[in-house]
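Under our numbering, the first residue of the sequence shown is numbered 366, with each subsequent residue one higher.
Where is the CB? At the ideal position from N, CA and C, for every residue including glycine.
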Amino acid sequence: MELSIIVPTFNEGPNVDELLRRLGAALAGRMFEVVFVDDSTDDTPSVIETAGARSPFPGRLIHREAATAGLGGAVVEGFRAATSRWCLVMDGDLQHPPEDVPRMITRAERGDVDVVVASRYASGGTSTGLADATRTA
Ligand SMILES: Nc1nc2c(ncn2[C@@H]2O[C@H](COP(=O)(O)OP(=O)(O)OP(=O)(O)O)[C@@H](O)[C@H]2O)c(=O)[nH]1
Ligand SMILES: [Mg+2]
Numbered sequence: 366m367e368l369s370i371i372v373p374t375f376n377e378g379p380n381v382d383e384l385l386r387r388l389g390a391a392l393a394g395r396m397f398e399v400v401f402v403d404d405s406t407d408d409t410p411s412v413i414e415t416a417g418a419r420s421p422f423p424g425r426l427i428h429r430e431a432a433t434a435g436l437g438g439a440v441v442e443g444f445r446a447a448t449s450r451w452c453l454v455m456d457g458d459l460q461h462p463p464e465d466v467p468r469m470i471t472r473a474e475r476g477d478v479d480v481v482v483a484s485r486y487a488s489g490g491t492s493t494g495l496a497d498a499t500r501t502a
């Protein structure tokens, strides 16, 4: 499957290398691009450019000088820029495990759905990874 992975980022520099490395390992042999839509106020854009230049799959950076509508607006901009029929949105802070992407692709490829959602409310889901122990939703 051809896939555009849209990653909204706000000051996520320290996570970029690991995210790309884990996506590359999880999706080895597949066709995909990564589209970062960045509203950072720090050096995240240059971190993304350096990491993207090293990665074996296509990566693009859209840095928004005049960010509109925050995280939601960034995701919409990523959809507009995507070149693939299927788009996947994932956080840039490693809260969404890249290792789960193949399972989502397999579900989409069955062909009977338009949208696939990974949810902690689905069967087998957990709240692991939320900010702290008080967060369950
Ligand atoms: N482009 C862009 N990305 C953002 C913005 N705010 C957050 N992000 C990114 O969106 C992703 C999710 O951000 P979080 O703050 O963890 O939002 P969340 O996962 O909905 O909230 P939590 O459940 O509290 O973790 C991360 O990759 C952030 O860097 C924004 O204003 N613009
Ligand atoms: Mg989060």
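Rounded to the nearest angstrom, what separates residue 387 and residue 366 at their Cα positions?
Going by the C-alpha atoms only, they are around 18 angstroms apart.
In whole angstroms, what separates the C-alpha of residue 421 from that of residue 498?
Residue 421 and residue 498 have their C-alpha atoms spaced approximately 37 angstroms apart.
Count the CB pairs spanning the region 391-409 and the region 462-473 that are closer than 8 angstroms, and state whether there are at least three.
The region 391-409 vs the region 462-473: in contact.
Quick one: does the C-beta of residue 377 sit closer than 6 angstroms to a heavy atom of ligand 1?
yes
List in chain order: all unbroken alpha helix (DSSP H) runs of 4+ residues lying wholly within the region 457-488.
466-474
Nearest CA to the CA of residue 478: which residue from 485, 451, 496?
When only C-alpha atoms are compared, the closest one is 451.
Measuring from the CB of residue 462, is there a heavy atom of ligand 1 at a distance below 6 angstroms?
In this structure, residue 462 has its CB at a distance of at least 6 angstroms from all heavy atoms of ligand 1.
Classify residue 403 as buried or exposed, calling it buried when 16 or more other Cβ atoms lie within 10 Å of its own Cβ.
Label assigned to residue 403: buried.
Contact between the region 456-463 and the region 422-429 is defined here as three or more beta-carbon pairs at a separation below 8 angstroms; is this criterion met?
no
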